[in-house]
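In my numbering, each residue carries its 1-based index in the sequence shown increased by 1.
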Amino acid sequence: MRIPLIDRSYRSLKRYREIVGVLVKYGFGELLDRMNITRYLRLGRRRLIRSVEIAEKYNFYQRIRMALEELGPTFVKMGQVMSTRPYLIPIDLMIELTKLQDQVPPMDFQIA
């Protein structure tokens with residue numbers, strides 16, 4: 002028998018770890034440092050090196066878009082909405098996020 006509260010908490014914790022992992026992967030570890038999240042994490046050296054390589058290869062706005070894509074449909078939708086709000090975000094970020102309008106690979110309906 003499953004205990005609903007524990008099951009839900011476990012799923013939430015798993016998703017939080019996924020989100021943090023994606024943020025680290027795309028070079029946003031400093032953001033996590035500022036939020037005092039990294040002290041709770043055990044990040045492998047290889048993962049941190051890979052994030053530096055990605056950060057050097059892509060610009061800041063590209064990394065934001067790629068992270069949103071990897072995080073799934075809810076984050077993609079948030080990026081799509083933000084791309085239509087030029088008064089809220091820098092124009093270069095808006096241009097990058099417009100790629101989420103029609104250049105995102107299709108998502109498996111079962112996952113979404």
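Every residue gets a Cβ at the ideal spot worked out from N, C-alpha and C, and that includes glycine.
- For the pair E71 and V23, the CB atoms are nearer than the 8 Å cut-off.
- Across the structure, R64 and T85 are spaced so that their CA atoms are roughly 19 Å apart.
- In the DSSP assignment, I92 falls within the alpha helix (DSSP H) that extends over I92 to L98.
- DSSP places Q104 outside both helix and strand once states are collapsed to three, so it counts as coil.
- With a beta-carbon spacing of about 16 Å, M79 and Y27 fall beyond the 8 Å limit used to define contacts.
- The three-state reading of DSSP puts R35 in helix, counting H, G and I together.
- For F29, no alpha helix (DSSP H) segment is defined, and its DSSP state is neither H nor E.
- In this structure, V21 lies near I38, with their beta-carbon atoms less than 8 Å apart.
- Distance check between Y59 and each of P74, E97 and S13 places E97 closest, using alpha-carbon atoms only.
- L32 has its alpha-carbon roughly 19 Å from the corresponding atom of P91.
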